[in-house]
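Participant:
Below is the structure:
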């Protein structure tokens, strides 16, 4: 909560080896530059209000249905926080590599 407004990160993880928070924003549409600004806001808030002193800066991941690499490049160019953008796709079958790892 910030200034009586609530903001919600879709997923928040802690990476034990990297010693940092990882914020994941899930999008059902194509990447737009506004998503980068929103993630930057989340990471600034997490680093200021949630992160402990001995932890590393938070990392952001934006998962989108589609992305244009040029648009992503321009949107992230001056953002100082570590943010990645990736596409996802839906499938009914698990990849063989993943099936081998499951019991």
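In our numbering, the protein residues as written are 136 to 238.
By construction, the Cβ of each residue, glycine as well, lies at the ideal position given by its N, Cα and C atoms.
Keep in mind that this is a model prediction, so the values were computed, not measured.
Helix, strand or coil for residue 177, going by three-state DSSP, please let me know.
Facilitator: Residue mapping note: residue 177 aligns to position 42 of the chain shown, counting from 1. Three-state result, residue 177: helix.
Participant: Considering only C-alpha positions, which residue in the set 164, 209 and 208 is nearest to residue 199?
Facilitator: Indexing the chain shown from 1 puts residue 199 at position 64. Per the Cα distances, 164.
Participant: Do you know how far the Cα of residue 237 is from the Cα of residue 215?
Facilitator: Walking along the chain shown from the start, residue 215 turns up at place 80. Walking along the chain shown from the start, residue 237 turns up at place 102. Roughly 38 Å between the two C-alpha positions.
Participant: Can you have a look at residue 202 and say buried or exposed, based on whether 16 or more other CB atoms are within 10 angstroms of its CB?
Facilitator: The residue you call residue 202 lines up with position 67 of the chain shown. Buried, because 16 or more other Cβ atoms sit within 10 Å of the Cβ of residue 202.
Participant: Would residue 148 be called buried (16 or more neighbouring beta carbons within 10 Å of its own) or exposed?
Facilitator: By one-based count along the chain shown, residue 148 stands at place 13. By the neighbour-count rule (16 or more Cβ atoms within 10 Å), residue 148 is not buried but exposed.
Participant: With which residues is residue 90 paired in a DSSP beta bridge?
Facilitator: Residue 90 lies beyond the range of the chain shown here (136 to 238); nothing can be said about it.
Participant: How about the segment 222 to 236 and the segment 171 to 189: do they share at least three Cβ pairs that are nearer than 8 Å?
Facilitator: Between the segment 222 to 236 and the segment 171 to 189, the count of Cβ pairs shorter than 8 Å is below three; the stretches do not touch.
Participant: Under 8 Å by Cβ, that's how I've got residue 137 and residue 180 pegged, so tell me the actual separation to the nearest angstrom.
Facilitator: Along the chain shown, read from residue 1 onward, the residue named residue 137 stands at position 2. Along the chain shown, read from residue 1 onward, the residue named residue 180 stands at position 45. At roughly 7 Å, the Cβ-Cβ gap stays under 8 Å, so residue 137 and residue 180 are in contact.
Participant: Taking the beta carbon of residue 166 as the centre, do at least 16 other beta carbons fall within 10 Å, making it buried, or is it exposed?
Facilitator: For this step, residue 166 is matched to residue 31 along the chain shown. That one is buried.
Participant: Taking the DSSP output, what are the residues bridged to residue 209?
Facilitator: Numbered from 1 along the chain shown, position 74 holds the residue referred to as residue 209. For residue 209, which the question treats as bridged, DSSP gives no partner whatsoever.
Participant: I'd like to know whether the C-beta atoms of residue 217 and residue 194 end up nearer to each other than 7 Å.
Facilitator: For the purposes of this step, residue 217 is taken as the residue at position 82 of the chain shown. For the purposes of this step, residue 194 is taken as the residue at position 59 of the chain shown. Yes; because the gap between Cβ atoms is below 7 Å, this pair is in contact.
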